[in-house]
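Remember, our numbering sits 754 above the position in the sequence shown when you count from 1.
Note that beta-carbon positions come from the ideal geometry of N, C-alpha and C, so glycine has one too.
Please read the structure below before turning to the comments.
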Amino acid sequence: MAKQEFKAESKRLLEMMINSIYTQREIFLRELISNASDAIDKMYYKALVDEEIVFNKEDYFIKVTADKANRTLTISDTGMGMTQEELENNLGVIAKSGSLAFKKDNEAKDGHNIIGQFGVGFYSAFMVADVVTVISKALGSDEAFKWESEGADGYTIVPCEKDTVGTEIILTIKENTEDDQYDEYLEEYRLKSIIKKYSDFIKFPIKMDAKGQRPIEGSEDELEEVIEEETINSMVPIWRKNKNELTVEDYDNFYAEKRYGFDKPIKHIHISADGAVVYNAILFIPENTPFDYYTKEYEKGLELYSNGVLIMDKCSDLLPDFFSFVKGMVDSEDLSLNISREMLQHDRQLTLIAKNIKNKIKSQLQSLLKDEREKYEQFFNSFGRQLKFGVYNEYGMNKDLLQDLLMFHSSKEKKLVTLDEYVARMPEDQKYIYYASGDSMERIDRLPQTEIVTDKGYEILYFTDDIDEFAIKMIMSYKEKEFRSVSSGDLGIEADENDKPTEAEENDNKELFEAMKGVLTDKVTNVKASKRLKSHPVCLSSEGELTIEMEKILMGMAN
Ligand code: ADP
Ligand code: MG
């Protein structure tokens, strides 16, 4: 038997598509605007090879018009338009993309600004519309055609009138039902915000009529209502602009406009990568800790754009947890999108971008530390804790990346120091990096154990954060200097050896020690004489890996 072709039940297929591909209804507008932009882009490419066509940028735009009375929403463009045949092929065949074909035919001319590729986006209109009407006149044609469909039942095409080349998509918006609201897609403010959200960086102007008021001519204070055309999108994305032309203020404005935060960023990072993977990114280090930052509610992630169209609000794969405070966006032409363009196939490109970004953030933080100490300290006060968690988590996998970014308060001047600075100014005879854990610097200063160390002129790092000691245990040593808690048994301070309590001293007090041990049975394992104490009569110390502070934290977690 001859090979048979698969037949698809196209009605069912369309229904499935309409209802299951997209998670958010509002993206229908993104899809229709992207198509309009593609259609204008095609004009532009045609003009490149055809001298007859003049591409005057001002003549090309997309217009969105809502008509509440008739419940219609119209998206019109001044693009290439479609012939009767094209209407049939591109809108009548599911998963057929005229734009993909155009890109392939024009490969040499670099058609990669064109957004379409799957041939399904158009049908998303049926998520919000009962009827979709397309009126189109193709470039170089005298006739216009009207394509119309109510969804699953198929479509009709008839000749019609249209003066100018281009396409008009008219959606008859569904009525509200008990469960579903559609009226919002006729509201000016709602449409504007959807356009801003997904299509802000479409290269051509997206216009809407806005009702405004202006004084009636010749009168003092009487106002009349006027309708003015307004361009909604910003068009040229800041990340495509030349860094040299941008000021700190431009970046700050972008940060505020995008509502990345209500503070001012401490630093922006503008990346235009042109290597193994091509992408642009603008990242920000915020100034303040978001109120929910150290809670489960906080969601990390960067905005992800493909060719200037928003694909994802918060792409978490782009940021490691230890840099979860970073805000911003990434735009790339190289992404493999899935069919809904809501998600990505987890692919090499994304992994490469993420890695690239991680290293960039690290090096930028390092230069902030080097060149703008005050700002770095401010940053560290806001997000340093997250870096320390980063050192500790994943079995210390990231400690090499992060250890140079850490800071601790030190007994010298009570200022923040990095590990590098600490080690650099260690006296020659100092063997270890000393630290002491406690609730606050004042409390640590009162620890009897600190005296012998500070008397030697050694610096002590204050560990006042729960995570500090756990993180340091992961690092173990820095520049070949081991970390040592001031309450550990062996401090490596030379006097120690000669100063060991004599046997006589131990024996003389044996009974007293035994009696004390008896009273403190479940509190201590041993009581012994020590030469470590200077002005204090007694101190607690620990043996083995865990310090007393760590034990406290672990006990606290267990309870
Ligand atoms: P895609 O954009 O992924 O190709 P769509 O389903 O969104 O898929 O659109 C299908 C095709 O219909 C497009 O590839 C394009 O050829 C054509 N098309 C859609 N909208 C327009 C438009 N406004 N002007 C010209 N052609 C369009
Ligand atoms: Mg499309």
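Integer Cβ distance of residue i from residue j, believed to fall under 8 Å
i, j, result
"L1072", "A1108", "5 Å"
"G846", "T921", "Not really, about 15 Å apart at Cβ, beyond 8 Å."
"I807", "I787", "I807 to I787, Cβ: 23 Å. No contact."
"N843", "Y799", "The pair is not a contact, with the Cβ atoms about 19 Å apart (cut-off 8 Å)."
"Y814", "I794", "5 Å"
"Y877", "I781", "Not a contact, Cβ separation roughly 12 Å."
"L1160", "T1172", "7 Å"
"S1315", "L1294", "The chain is shown from 755 up to 1313; residue 1315 falls before or after that span and cannot be answered."
"I889", "D792", "About 18 Å; that fails the 8 Å criterion."
"T826", "T926", "6 Å"
"E1303", "S1191", "3 Å"
"K1018", "E1041", "6 Å"
"I911", "Q967", "At roughly 43 Å, the Cβ-Cβ gap does not stay under 8 Å, so I911 and Q967 are not in contact."
Contact test: residue i Cβ vs ligand 2 heavy atom, cutoff 6 Å
i, result
"N1147", "no"
"S791", "no"
"S788", "yes"
"G833", "no"
"E1087", "no"
"E780", "no"
"E785", "yes"
Own chain, CB closer than 7 Å to residue i, minus 5 neighbours either side, in chain order
i, result
"E983", "K961, D963"
"Q871", "S851, S853, L854"
"M1195", "H1163, K1168, Y1216, T1218"
"K1210", "I1247"
"K965", "E979, I981"
"F880", "I772, V886, G905"
"T1208", "S1165, I1214"
"L1106", "A1030, V1031"
"E1259", "A1283"
"M836", "N844, S890, A892, T921"
Check: residue i C-beta below 6 Å from any heavy atom of ligand 1
i, result
"G852", "yes"
"F880", "no"
"V1002", "no"
"F872", "yes"
"T921", "yes"
"F876", "yes"
"M836", "yes"
"N844", "yes"
Cutoff 8 Å; reference residue i; Cβ partners in own chain excluding five residues on either side
i, result
"M1230", "E1236, F1237"
"D1193", "T1218"
"N987", "I949, K950, S953, D954, F955, I956, P959, I960"
"F1008", "I992, I1036"
"E938", "R944"
"V1032", "S1086, E1087, D1088"
"K1068", "E1053, K1054, G1055, L1056, E1057"
"K1129", "I1020, K1021, L1122"
"A849", "F872, G873, V874"
"E915", "A898"
"K997", "H1024, S1026"
"F1143", "D1075, F1076, I1221, A1225"
Residue i classed as buried or exposed, judged by whether at least 16 other C-beta atoms fall within 10 angstroms
i, result
"A862", "Note that A862 scores 47 on pLDDT, short of 50, meaning its location in the model is unreliable; the coordinates nonetheless yield the value given after this. Exposed, because fewer than 16 other Cβ atoms sit within 10 Å of the Cβ of A862."
"Q1157", "buried"
"F1016", "exposed"
"T1301", "buried"
"I970", "exposed"
"S1289", "exposed"
"M1309", "exposed"
"M770", "exposed"
"G1029", "exposed"
"G1138", "buried"
"P1181", "exposed"
Same chain, Cβ closer than 6 Å to residue i, neighbours up to 5 away in sequence not counted
i, result
"T887", "E902, I924"
"K822", "L940"
"M1228", "V1145, Y1146, G1150, K1153"
"N930", "Y936, D937"
"I1226", "F1237"
"D1075", "none"
"F1224", "Y1146"
"A1185", "Residue 1185 is actually Lys in this sequence, not Ala. Excluding sequence neighbours, K1185 sits near G1246."
Cβ-heavy atom distance, residue i to ligand 4, below 6 Å
i, result
"D954", "No copy of ligand 4 occurs in the structure displayed; its ligands are ligand 1 and ligand 2 alone."
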